[in-house]
Every structure is written in C-alpha cells, then in structure tokens.
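What follows is a short report on a single structure.
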Amino acid sequence: MLVAERRDLLLSRLRTDGKLVARDLALEFGVSEDSIRRDLRDLAAAGLCQRVYGGAVPVSPALADYATRADVEPESKLRVAARALELIRPGHRVILDGGTTTLAVARALPSNLRATVITHSPTIAAALVPHPSVEILLLGGRVYKHSAVACGAATVEAAAAVTADLFLLGVTGVHRDHGLTTGDPEEAAMKRALSARAAETFVLASVEKLGAVSAYRVLELADVAGVITESGLLDPAQI
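Its first residue numbered 1, the sequence shown is counted upward by one per residue in the numbering used here.
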C-alpha cells in the first residue's frame, strides 16, 4: 500500500471512528508504529487531525480565525445559547468567555434582564452596549486578534479582582478522554483564571466541538458543573 493510500484510509477511519490508535493501525496495515506515527505527524501538520498520546483524534473546526468561526455551525450555536440563557437569573454576575457562541448568548439576553456581565472580549462588550439593564465590566489587556479577546498577565490580574455566579466557558474541543481544550496556551491559562473566579463553570458545546481535541488543555470535564449542548444541560460524566 502506498503511503498516500494509507493516509487516505487513516482519514477515512478518523471520520468513521472518531479516533486513531497507532498500535492497532500498525497491526492492521502490517507496518511499524513509527510509520503510523509519521503519517499522523504529517496529517497533523496539514491540519487534518490532532495528535494525542497513542494516536490521533479529529481536529476542531473551531480553531479557525474569529471571522471564519462565525460561519461554523451558526444554528447549533444559537440553540446552545438559548439553553445557556436558562442558567442566567436576574441579579447574576456572569463571566462570558470570548467566542462566537458566547456572542450569541450576549445577543440573546432578554431586554428586561438586570445582570452584570464580566468579559475579556471587546466584541461581547460592544454587543451589550445597547442592552438597557446589563452592567458591563470589560477586563483589559493585550487583545489577541485571532480570537478577539484580551489575554495575558494584565488580564489575569484584572480577573483576580472579580467574582461571579457563573462562567460560560468557550473551548474548541470537548472530549470524553482529553477534556476541554483550546488552540493557544495563553488563552487556556486565561480561561482557567476566569473559571477560578466563578462559583460554577458551564461549557458551551456547539456540535462542531463535541469529540474534537485541540493542543492545550483548559480543564478536565470533572472540573465543570455542566456541558451545555443543543439538547440541553449535560452532566460532564455523560459526555
């Protein structure tokens, strides 16, 4: 079997099974594990999979730049946003993470809701300016243009001064074995800092994020109170 043919089969298997195990594939194809690992390394370099210990899993479509992500599963994000609204009560202090799903939450907040929204996303803060009764607290710092959020030491320091009832967390991967992940180490650290300031953290999981893995761990599934999907709020153990 040619290398190109084997790699096509690997991608087909990844789409079907949702994961690749290097040892099993080496036995099946009659090649060395090193050959399979080279295949996976090259596929990952091309953005076609995410390598993990022992194999690979699907790469998250949510790793694209901010403008592109707005067009990824928009209907799923709206349904997740509608479910997230059920958790927000009058008087709540809510931390909204950056991202297109949390932006959908901000835009859907009822016009009569009195609450405080804390965010490190200028986009979300701007979207809430017309809201008549939401107080906005914008955490400053260096803005990452790829994801349109403030990040870094200054933002973490600002976050340490706030507390909230809940944090709506955005990630690029939600996986049973590999937990909650994102594509940038600084953003992963920022998300952990925000989670530490809230009584409860809930993950916004539109359909393209389920079963996907990115390079940097944010939290384990056991660290959050629930996962908000299109079908409703799930216990992390149900993922």
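Even for Gly, the Cβ is constructed at its ideal location relative to N, Cα and C. Bear in mind the structure is a predicted one, so any value in this text is a computation, not a measurement.
Check, Outcome
"Whole alpha helix (DSSP H) runs in the segment 38-123 with 4 or more residues, listed along the chain?", "66-69, 74-85, 100-108"
"Report the three-state DSSP secondary structure of aspartate 165 (helix, strand or coil).", "strand"
"Go to glutamate 135, then tell me how far its beta strand (DSSP E) extends in each direction, as first and last residue.", "134-138"
"Between which two residues does the beta strand (DSSP E) harbouring arginine 217 extend?", "216-219"
"Please identify the residue among Thr116, Val134, Ala150 whose C-alpha is closest to the C-alpha of proline 122.", "Ala150"
"Reducing DSSP to helix, strand and coil, say where alanine 196 ends up.", "coil"
"Where does arginine 176 sit, in a helix, a strand or coil, going by DSSP?", "coil"
"Return the Cβ separation of threonine 116 and leucine 87 in integer angstroms, given the expectation that the two are a contact with Cβ distance under 8 Å.", "The Cβ separation is near 15 Å, so there is no contact."
"Which residues mark the beginning and the end of the beta strand (DSSP E) in which valine 224 is found?", "From DSSP, valine 224 is part of no beta strand (DSSP E); its letter is neither H nor E."
"Across the segment 195-205 and the segment 166-174, are there enough close Cβ pairs to call them in contact, namely three or more that are closer than 8 Å?", "yes"
"With distances taken between CB atoms, is the gap from valine 156 to alanine 193 smaller than 8 Å?", "yes"
"Can you list, in chain order, the residues of its chain with a C-beta nearer than 8 Å to that of glycine 54? Leave out the 5 residues immediately preceding and following it.", "Val21, Ala22, Arg23"
"How would you write the range of the alpha helix (DSSP H) that alanine 22 sits in, first residue to last?", "22-29"
"Taking C-beta to C-beta, are valine 59 and histidine 178 nearer than 8 Å?", "no"
"Compare the beta carbon distance of alanine 104 and leucine 78 with 8 Å and say whether it is the shorter of the two.", "yes"
"Use the C-beta contact count for methionine 190: other C-beta atoms within 10 angstroms, 16 or more gives buried, fewer gives exposed.", "buried"
"Considering only DSSP beta bridges, list what threonine 182 is partnered with.", "Tyr216"
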